Amino acid sequence: MGKTMHNGGMSIELQVFHIVSQVLECPRGDIDAHTPIRDWLKMTIINDETCLALNINISTQSASQCRTVGEYLRLVQSML
Numbered sequence: 016m017g018k019t020m021h022n023g024g025m026s027i028e029l030q031v032f033h034i035v036s037q038v039l040e041c042p043r044g045d046i047d048a049h050t051p052i053r054d055w056l057k058m059t060i061i062n063d064e065t066c067l068a069l070n071i072n073i074s075t076q077s078a079s080q081c082r083t084v085g086e087y088l089r090l091v092q093s094m095l
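Counting the sequence shown from 1 gives a position; the working numbering is that position plus 15.
This is the structure:
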């Protein structure tokens with residue numbers, strides 16, 4: 016899989032998917048790269064939680080340009 020952090024060896028992808036499923040309040044199995052993120056407030060929360068979990072800094076403006084989980088994941092990976 017992709018890069019891992021010290022969070023139990025969980026891949027970046029799994030960490031982002033986990034955060035997205037919590038914020039969108041849907042089962043993890045329902046989240047994939049094509050899952051849309053339409054709500055600006057939820058995208059802000061996803062970004063805040065991801066930045067805290069991975070110790071990175073992504074602006075809300077940059078994150079809000081992502082329309083799907085996959086687009087956001089690529090942005091996150093580009094910051095590592």
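C-beta: ideal position from N, C-alpha, C; glycine also. All figures in this text were calculated on a predicted structure; none of them were measured in a lab.
Flag this pair as touching only if the region 42-51 and the region 63-78 have three or more C-beta atom pairs under 8 Å; answer yes or no. no
With the cut-off set at 8 Å, would you say R82 and P51 are in Cβ contact? At a Cβ-Cβ threshold of 8 Å, R82 and P51 count as neighbours.
Residues sharing a beta bridge with P51, DSSP: Under DSSP, the beta-bridge partners assigned to P51 are T83.
Sequence-distant residues of its chain with Cβ nearer than 8 Å to T19 (five each side left out): Residue placement at T19 cannot be trusted, given a pLDDT of 47 that sits under 50; the coordinates are not used to answer.
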